[in-house]
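Following full-length UniProt numbering, the numbering of the sequence shown begins with 1 at its first residue and continues without gaps. Where a beta carbon is used, it is the ideal one built from N, C-alpha and C, also for glycine. Heads up: the structure comes next, in structure tokens.
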Amino acid sequence: MPDEILLTPFPLEDYEGLMPFPQQWDFVLVCDDHRRDSDKDCKKKKFLEELHRKGFIIKTIRDQKLFYGVHAPSGIFRKYQWLLNKPGNEWGHLFPQQLDYQQSPINSTRIRIVSFILQNTEIPNTKENLHDLIKKKVFETAFPLHERENLGSFLKMNWAQWRKLFCKQPIGEIRTYFGEKIALYYAWLGWYTGVLLIAAVPGCILFIYGFLSFSSSQISKEICEANTTIMCPLCDQKCPFWILSDTCTYAKINHMVDNVGTALFAMLMTVWATLFLELWKRYRAKKVNLWNMYPWDEEEEELALELINNPENTSEEYQHSYIRSIIVLILALIMICVLIGIAHVLVIYRVVVTVIFTQSNSKFLQEKATTVAVLTGAVMHYLSIIIMTKVNKYIAHLLCKIERPRSFSEREKSYTIKVFTFQFFNYFSSLIYVAFFLGRINGHPGSYVRVAGKWRLEECHPSGCMTDLFIQMFVIMTLKQTFSNLVEYWLPTLTYKCRLLCRKAQRINVEQISQDSCKEEWLWNYQLNEVNVFTLFDEYMEMMIQYSFTTIFVAAFPLAPLLAFINNLFEIRLDAIKMVKLQKRMVPKKANTIGIWYYILEIIGILSVIGNGLVIAITSDFIPMLVYQYTFSPCKQKNNTGIDCLTGYINHSLSVFNVQHFENTVNLTDPMGNKITHCRYPDYRNSDDYSHSIKFWHIFAARIAFLFVFEHVALCVKLIAAWLVPDDPRSVKNDQLKEKRKKLKQQLQAMDDSTEI
């Protein structure tokens with residue numbers, strides 16, 4: 001089909017004085033040829049007529065699709081320049097009488113203004129805007145153009161390259177090309193990744209210490225030498241009594257994450273999370289001050305763009321409905337209950353799988369039933385996360401519709417809070433159960449808690465409850481980071497390559513491309529993958545979940561900061577390649593903070609104090625060992641010197657059960673065929689009536705005391721750090737002081753000059 005390069009749907013004489021065509025096209029609209037669909041064709045023409053009425057130049061190129069390039073009149077930018085004439089705009093610190101209206105804004109500013117006008121231009125009578133027309137297939141898509149030369153080429157060579165993996169990001173150039181909002185995201189991600197390396201060092205030291213000392217640990221030694229300690233069966237049927245020494249290997253693994261340094265590491269991570277946020281605020285202040293964005297007001301800019309687009313329209317006012325808020329709250333609570341219910345389903349899954357494997361004919365499955373159930377449960381948890389993530393976004397979108405936020409920024413904040421809340425319960429409901437309830441609500445031999453009155457609730461892994469939490473976190477975090485990144489990179493890459501191949505197959509005459517330079521550029525941009533308003537949101541959400549893993553339960557998985565650091569090194573370049581080479585150009589947005597995400601980071605910081613405190617107090621064996629060491633150990637006897645204070649701890653931590661009191665009939669012989677009268681199980685209960693012993697209450701009191709002290713010390717450290725480290729560096733405050741003085745002095749001078757005249 002031959003090209004048509006013309007100004008449509010209007011006669012060329014309407015553009016007299018505007019020729020030749022502008023070299024810079026702000027946006028491109030794409031649609032099918034709707035000659036056979038009069039309704040769509042009519043709506044398309046009316047929309048383009050509205051743009052023409054506002055002074056836009058429109059150029060049409062016909063290929064397999066119809067491409068409409070639009071170029072905004074300079075008057076739009078003069079109005080913007082006048083309305084937002086204050087420190088922080090793109091034209092400098094000028095007064096209205098000093099403004100140079102011939103000076104064009106930077107390209108990202110043009111795109112942002114034109115995008116707002118396009119999205120808010122409505123067809124008369126029907127009041128349909130561009131978003132509605134795209135939903136009704138009148139237009140297929142609309143996008144700004146990438147720059148193949150200049151800044152676009154610079155970012156391809158100096159940012160979107162794997163060989164730049166360890167190089168500093170060009171944040172200033174990113175800001176000029178993609179706008180402040182995206183630049184702040186990459187500035188935050190780079191800062192977060194750098195600080196992760198600091199957190200990874202003590203985590204690796206703790207893990208290496210555990211690895212080097214697991215053979216010399218007194219606890220590991222006692223478990224490995226306990227070949228006469230008969231343990232109670234882990235299930236009702238076909239589960240034999242087992243020897244404690246069988247868990248020797250698992251005990252050594254458990255020691256790598258649960259040792260004397262775990263509590264100190266948890267405290268260090270809470271301090272790290274606090275300092276990370278405080279130092280980020282200072283770093284952000286420097287960047288924002290450098291960009292002259294400190295006094296920028298988002299609401300004021302939005303109002304200015306509304307006036308530029310249509311001065312007759314009245315801005316939507318703030319509104320609040322208690323009825324709608326209550327409905328949203330109830331629906332959100334129902335959704336949270338559903339997510340918690342899914343965690344309970346996973347609990348039942350592990351219980352059933354354990355029973356099935358222990359009743360199988362395979363000796364290997366019988367012996368490894370608990371481990372297999374934990375591993376497959378973690379995989380099932382990850383699959384449920386993938387499915388429920390889509391559901392969570394859909395439900396959050398519906399709840400935002402009920403709320404009716406005033407502006408896009410208000411809608412974005414509301415949507416972000418809801419999705420993060422749902423995603424938090426999606427990811428962490430199962431982990432919370434494993435960390436704080438697994439093995440603590442299942443009863444004891446002779447009186448087990450059962451699901452549906454049939455299946456026993458699962459117990460902690462034979463090597464300890466920290467092992468279960470470690471396995472869960474390792475599987476979910478590893479799968480999430482590897483699988484998600486592979487999909488995130490290869491899916492757009494393969495999609496883009498397929499489009500290029502299809503384009504080559506459909507092209508009739510390749511030589512026609514060279515007839516118009518715009519055609520080649522527009523076609524290349526069209527073939528790139530789509531972006532939407534939530535593209536940056538998804539990137540932030542991915543990092544918030546990762547930050548939660550890195551802080552909240554980091555005591556059980558000290559390698560989390562290292563894995564996050566390695567992931568983010570690749571994440572930065574992966575996102576850069578995706579945004580510059582594989583996706584259509586995102587509409588630049590202004591911002592001087594990372595917005596609601598900062599408050600989410602603060603909430604995660606508080607949760608990390610609570611989570612790590614509970615992990616050390618409840619999940620870890622740190623408190624029971626501490627109580628034993630200073631209350632019941634041989635070190636308390638004056639005549640015992642040179643002995644490890646934890647000697648005898650394993651025997652101390654196991655209760656005795658009379659096998660005649662089992663609920664169900666079991667095989668009362670040990671692995672050697674000897675008759676068994678008593679077995680041991682991990683708990684602190686009396687051997688006669690199985691009530692909690694005095695040792696249990698000593699440890700319980702110590703757990704509560706430790707939790708109280710840990711959390712108050714950590715919160716005090718957070719408050720002291722927040723007070724000690726100023727949000728804004730001294731240089732930024734002095735710069736702002738000088739700017740305010742300069743502005744007032746210029747206003748005073750202008751007043752004196754007008755008085756003299």
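* **LYS738 classed as buried or exposed, judged by whether at least 16 other C-beta atoms fall within 10 angstroms** => exposed
* For MET293, the three-state DSSP class (helix, strand or coil) -> coil
* Which whole-angstrom value describes the C-beta separation of VAL70 and LEU51, a residue pair presumed to lie in contact below a C-beta threshold of 8 Å? -> 6 Å
* Secondary structure at ARG725, three-state DSSP: helix, strand or coil? -> The sequence as given places Val at residue 725; Arg does not occur at that position. Coil.
* Per DSSP, ALA285 is paired with what? -> Looking at the DSSP assignment, ALA285 forms no beta bridge with any residue, so it has no partner.
* **ALA142 - partner residues in DSSP beta bridges** => LEU29
* Provide the residue span of the alpha helix (DSSP H) that contains TYR394, from first to last. => 369-403
* Per DSSP, ILE417 forms a beta bridge with which residues? -> In DSSP, ILE417 forms no bridge with anything.
* For ILE113 versus TYR68, is the C-beta spacing smaller than 8 Å? -> no
* Asked: Between the beta-carbon of ILE676 and the beta-carbon of VAL656, is there less than 8 Å?
  -> no
* When the Cα of SER608 is compared with those of MET256, PHE265, MET231, which residue comes out closest? -> PHE265
* Taking just the CA atoms, how far does ALA556 sit from ILE340? -> 22 Å
* **Top-ranked residue by Cα proximity to GLU147, from LYS418, ALA332, MET579** => MET579
* Thinking C-alpha only, which one of GLN161, PRO405, PHE422 is nearest GLU316? -> PRO405
* **Option nearest ASP575 by Cα separation, candidates TRP159, LYS743, THR389, PRO558** => TRP159
* To do: Locate the alpha helix (DSSP H) running through PRO624, then write down its first and last residues.
  => 622-627
* To do: For GLY194, I'd like the list of residues in its chain whose CB is within less than 8 Å of its CB, leaving aside the five on either flank, ordered along the chain.
  => none
* How big is the Cα-Cα spacing for LYS45 and ARG411? -> 31 Å
* Out of ILE253, LEU189, PHE710, THR249, which has the shortest C-alpha to C-alpha gap to LEU268? -> PHE710
* Per-residue burial, PRO682 [other beta carbons within 10 Å of its own, 16 or more giving buried] -> buried
* Asked: Who are the near neighbours of LEU155 in its chain, counting only those whose CB is closer than 8 Å to its CB and skipping five residues on each side?
  -> PRO170, GLU173, ILE174, TYR177, ALA576, VAL580
* **Limits of the unbroken alpha helix (DSSP H) element including PRO311** => Counting along the chain, PRO311 falls outside any alpha helix (DSSP H), and DSSP gives it neither H nor E.
* Asked: HIS320: buried (16+ other C-beta within 10 angstroms of its C-beta) or exposed?
  -> exposed
* **Neighbourhood of THR478 by C-beta distance below 8 Å, restricted to the same chain and skipping five residues each side** => LEU563
* Asked: DSSP on PRO682, reduced to helix/strand/coil?
  -> strand
* Under three-state DSSP, which class holds MET586? -> coil
* Asked: Apart from the five residues on each side of it in sequence, which residues of its chain come closer than 7 Å, Cβ to Cβ, to VAL451?
  -> ILE348, VAL351, LEU457
* For the beta strand (DSSP E) that HIS52 lies in, which residues bound it at each end? -> It is not in any beta strand (DSSP E) - HIS52 instead sits in the alpha helix (DSSP H) that spans 38-53.
* Kindly list the residues whose CB is nearer than 7 Å to the CB of TYR540, restricted to its own chain and excluding five residues on each side of it in sequence; keep chain order. => TYR185, TRP597
* **C-alpha distance - ALA369 paired with GLY377, whole-angstrom precision** => 12 Å
* Report the partner residues of GLY69 according to the DSSP bridge assignment. => VAL28, LYS59
* To do: Using 10 angstroms around the beta-carbon of ARG585, count the other beta-carbons present and answer buried if the total reaches 16, otherwise exposed.
  => buried
* Take the Cβ of MET256 as the centre, count every other Cβ of all protein chains shown within 10 Å, and call the residue buried at 16 or more, exposed below. => buried
* Asked: Roughly how many angstroms lie between the CA atoms of SER548 and THR121, to the nearest whole one?
  -> 41 Å
* To do: Have a look at the DSSP bridge pairing and note the partners of SER108.
  => Answer by DSSP bridge pairing: none, since SER108 is not bridged.
* Throw me the rounded Cβ distance for the VAL627 and HIS698 pair, which I believe falls under 8 Å. => 6 Å
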